[in-house]
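Chains as they are written, first to last, in my numbering: chain A, 1 to 235; chain B, 1 to 131.
Backbone N, C-alpha and C fix where the C-beta goes; we use that ideal spot for every residue, glycine too.
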Amino acid sequence: MRDDLLDLARSPLALLLVTLVGYQAGRWLQARTGGHALAQPVLPAIGAAALAITVLDVDYADYRSATELIAFWLGPATVALAIPLHRQADRLKGFVVPLLVAIVAGAVTSIVTAVLIARALGADEVLEKTLATKAATTPVAIALTQSLGGIPPLAAVFAIGIGIVSAVIAPATLNLLRIRDRRARGLAVGAVSHGIGASRMLREDETEGAFAGLGMGLSALAISLLVPLLALVLF
Amino acid sequence: MIAGLTWLLAFQVLGEVVVRVLDVTVPGPVAGMLLLFVFLRLRRYGDDGSIVRAGTALLRHLQLFFVPAGVGIVVYLAVLRDHALPIAAAVLGSWLIGLVVVGWTAVGLERLLGKPRDDLGAGPHGAGEAA
């Protein structure tokens, strides 16, 4: 390839385009499959961009700064998670105490079990710190892992991965566990597998979806507050 | 749209300020989320306001915004491969235990408080009896 064309292909403009095209392809796939749980737009987008920088031999750091325009919006979007929380707050009557206790218990369990299982199987401390945040919604997991000293891109991958697994098997697992209150079902899925799990529950039932969103938001808060505290004990 | 984005950025900055002043390791945007939630509740904020419109538009494409972070996986493929077992076991095991704890705690407390619900229908044995 001519050198000037290669330079263009490695430019921020082209890298942004690849990322957006990958994302659009993912959205198209999601629509075509009727919103199948495995068809998350983030996967083709990451795949396309990862392939592009590997083939073009672009450093990840350069790709990262080229796409700062996209990554920047993660912060405001995280703030915006207050909106679904606000809109679901009216559904809480008679469920506040079970909800708060369950969320805190779930956050502690998610953090501690992830770290201890990884440790028992021989993971190092950086990896344990990266796994500790995986139940939080991806933007929070990324930010939290950063402040904890883990590996943010891996935290993103773990969070996305568990979201997809949950979207596929959570409803059947809840049936096995005989959890029959739709509020509790949604809450449980949102608390351990955030937005991707929540979107699956929303397709099952509106109440389950709403409480999954609520579970995701509250769980992100609880995990943010608990990770620094538990880190003192765990590491 | 711009008005709503301005509000969201303002709450993010406010969150960063709070986090720095209190010197806690909570991410700034999460503190901003909490502050915005309190603000929306106190104002009884409606669905047609600029914050809701801008925020909903951003949330629709939330997945796009963590693609740049996710692409970092290319740097860590070797880590994933070398630690496949602890990673898979920790992610899946912790997910399942978390699901059980949250679900059973919520349902158990509902029963303790005398307000159990069975939304899936109890079949021929009568409604309202939690299985």
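**Study point:** Interfacial residues, the segment 35-47 of chain B to chain A, with Cβ spacing under 9 angstroms
**Key:** LEU35, LEU36, PHE37, VAL38, PHE39, LEU40, ARG41, TYR45 and ASP47
Practice item. Give the C-beta separation of THR113(A) and GLY93(B) to the nearest angstrom, bearing in mind that I take them to be a contact with Cβ-Cβ under 8 angstroms. Key: 6 angstroms
**Study point:** Neighbourhood of GLY32(B) by C-beta distance below 7 angstroms, restricted to the same chain and skipping five residues each side
**Key:** Hits under 7 angstroms: PHE11, GLN12, LEU14 and GLY15.
Review point. With DSSP run on the structure shown, which of helix, strand or coil describes ASP4(A)?
Key: In the structure shown, ASP4(A) sits in a helix (DSSP, three-state: H, G or I).
Practice item. Check the Cβ-Cβ distances between LYS134(A) and every residue of chain B, and say whether any is below 8 angstroms. Key: Contact of LYS134(A) with chain B is assigned, a C-beta pair being separated by under 8 angstroms.
Practice item. Say whether chain B places a C-beta atom closer than 8 angstroms to the C-beta of THR33(A). Key: no
Point to revise | LEU85(A) versus ALA31(A) - alpha carbon distance | key: Each residue's alpha carbon lies about 26 angstroms from the other.
Review point. Under the three-state reduction of DSSP, which class applies to GLN63(B): helix, strand or coil?
Key: helix
Review point. Can you tell me whether DSSP reads TRP73(A) as helix, strand or coil?
Key: coil
Point to revise | Straight-line Cα distance separating GLY26(A) from LEU43(A) | key: 7 angstroms
Check your understanding: So which residues on chain A does ILE97(B) lean against when the C-beta distance must stay under 8 angstroms?
Key -> THR109, SER110 and THR113
Exercise for review: Could you spell out the range, first to last residue, of the alpha helix (DSSP H) harbouring MET216(A)?
Suggested key: Per DSSP, MET216(A) belongs to the alpha helix (DSSP H) from 206-234.
Practice item. Measure the C-alpha to C-alpha separation of LEU38(A) and PHE37(B) and round it to an integer number of angstroms. Key: 31 angstroms
Review point. DSSP on PRO41(A), reduced to helix/strand/coil?
Key: coil
Exercise for review: With DSSP as the reference, label PHE11(B) as helix, strand or coil.
Suggested key: helix
Check your understanding: In angstroms, rounded to a whole number, what distance separates the CA positions of ILE162(A) and ASP48(B)?
Key -> 34 angstroms
Check your understanding: Taking the C-alpha atoms as reference points, what is the distance between ILE83(A) and ARG64(A)?
Key -> It is roughly 29 angstroms from the alpha-carbon of ILE83(A) to the alpha-carbon of ARG64(A).
Check your understanding: Taking the Cβ atom as the reference point for each residue, do PRO139(A) and LEU74(A) lie within a distance shorter than 8 angstroms?
Key -> Yes.
Practice item. Output yes or no for whether 8 angstroms exceeds the beta carbon distance between ALA159(A) and ALA143(A). Key: no
Point to revise | Whole-angstrom C-beta distance between GLY103(B) and ALA170(A), which should lie under 8 angstroms | key: Not really, about 10 angstroms apart at Cβ, beyond 8 angstroms.
Check your understanding: Taking Cβ to Cβ, would you say SER147(A) is nearer than 8 angstroms to PRO27(B)?
Key -> yes
Practice item. Can you tell me which of the three DSSP states LYS129(A) falls into? Key: The DSSP-derived three-state label of LYS129(A) is helix.
Exercise for review: List the residues of chain A whose Cβ lies closer than 7 angstroms to the Cβ of MET33(B), in chain order.
Suggested key: Residues of chain A with a Cβ closer than 7 angstroms to the Cβ of MET33(B) are, in chain order, THR78, VAL79, LEU81 and ALA82.
Review point. Expressed to the nearest angstrom, what Euclidean distance is found between the alpha-carbon atoms of ALA3(B) and ALA77(A)?
Key: Rounded to whole angstroms, ALA3(B) to ALA77(A) spans 15 angstroms at the Cα level.
Point to revise | Buried or exposed by the 16-neighbour rule on C-beta atoms within 10 Å, applied to THR33(A) | key: exposed
Practice item. Could you work out which residues of chain A lie near LEU22(B), taking near to mean beta carbons separated by less than 7 angstroms? Key: The contacting residues do not exist; LEU22(B) stays about 11 angstroms from chain A at best.
**Study point:** Spatial neighbours of ARG180(A) in its chain, beta-carbon cut-off 7 angstroms, leaving aside the 5 residues before and after
**Key:** none
Review point. Roughly how many whole angstroms lie between the Cα atoms of LEU77(B) and LEU225(A)?
Key: 30 angstroms
**Study point:** Distance between ALA120(A) and ALA132(A) (C-alpha atoms, nearest Å)
**Key:** 14 angstroms
Review point. Leaving out five residues before and five after THR130(A) in sequence, what residues of the same chain have Cβ atoms less than 6 angstroms from its Cβ?
Key: These residues qualify, in order along the chain: THR145, GLY150, ILE151, LEU154 and ALA155.
**Study point:** Exposure of ARG41(B), with buried meaning 16 or more beta-carbon neighbours within 10 Å
**Key:** exposed
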